[in-house]
Structures are given as structure tokens and as C-alpha cells.
Amino acid sequence: MATISKEDIIRTADLARLVLTDEEAQMYSEQLSEILTFTEKINEINTDDVTPTTNGNQITNVLRKDKPVQWEKQDEALENAPEHEDNQFKVPAIMD
1 MATISKEDII RTADLARLVL TDEEAQMYSE QLSEILTFTE KINEINTDDV TPTTNGNQIT
61 NVLRKDKPVQ WEKQDEALEN APEHEDNQFK VPAIMD
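As C-alpha cells, this is what we get:
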């Protein structure tokens, strides 16, 4: 059975700059030890015949075809821009 000691909990809490009482440290130690015991049980399951998957959801993306179209409101969009040049938005440079 895997266990996490109360001292490990206190050391981890100190690293995370958390203040725990002795009772809280003991409680977390017990709870995390139970979780580790459960994960050990899961690791014992024989999964040799299970096909590996990356996603259990069988739904796939349904996307429309990306077709370029002429947009008639380009002038209106440029009117709302603080700056524009040659029918393009002009934005501040972010790299030198």
C-alpha cells in the first residue's frame, strides 16, 4: 500500500507556502494515501487486449468548406480602424 507521510504533506505545503494544521496535514496524508492505493489497483488491471485511444468520444468535427468570397463591406471596416493603409489595417509593431 502506497502512503504519503504527514511530513511529506507538510514539506509540500511549505514549498507551496501553505499553512496547514497538524490535523489538516494528517487528513491530507490519509486522503492522498487512499488515492494512491486506488491507483495501484487500477495499474493491476490487465489492459493487453484494450486498443489504445486518444479520445473516447467518437464524434468528429464537421466543418464547412472554406471558400473565399468577395466581401462588400471592406470600406466600412476600414472606416472603423484607427489607422489603415492600402486597404489593410495598420497595427503597431510588436517585434523589432
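First residue of the sequence shown: 1, per UniProt numbering; consecutive thereafter.
For glycine and all other residues, C-beta sits at the position ideal for the given N, C-alpha and C.
1. Give me the DSSP bridge partner(s) of Q88.
2. For A81, count neighbouring Cβ atoms within 10 angstroms of its own Cβ and tell me buried if that reaches 16, exposed if not.
3. State yes or no: is the C-beta of S29 within less than 7 angstroms of the C-beta of I59?
4. Is it right to say I42 is buried, meaning 16 or more other beta carbons lie within 10 angstroms of its own, or is it exposed?
5. Measure from the alpha carbon of N87 to the alpha carbon of each residue in I94, D75, M95, then state which is nearest.
6. Looking at the structure shown, is S29 part of a helix, part of a strand, or coil, going by DSSP?
7. Do the CB positions of T39 and M1 come within less than 7 angstroms of each other?
8. Considering only residues of the same chain and omitting the five flanking positions on each side of K90, which have a CB-CB separation below 7 angstroms?
To lay it out plainly:
1. In the DSSP assignment, Q88 is bridged to E85.
2. When all chains shown are included, A81 counts as exposed.
3. Not in contact: S29 and I59 (Cβ atoms no closer than 7 angstroms).
4. Exposed, since its Cβ has fewer than 16 Cβ neighbours within 10 Å.
5. Ranking the options by Cα distance to N87, first place goes to D75.
6. S29 falls in the helix class under three-state DSSP.
7. No Cβ-Cβ contact shorter than 7 angstroms links T39 with M1.
8. Here K90 has E83, H84 as same chain residues with Cβ atoms under 7 angstroms from its own Cβ, once five neighbours each way along the sequence are excluded.
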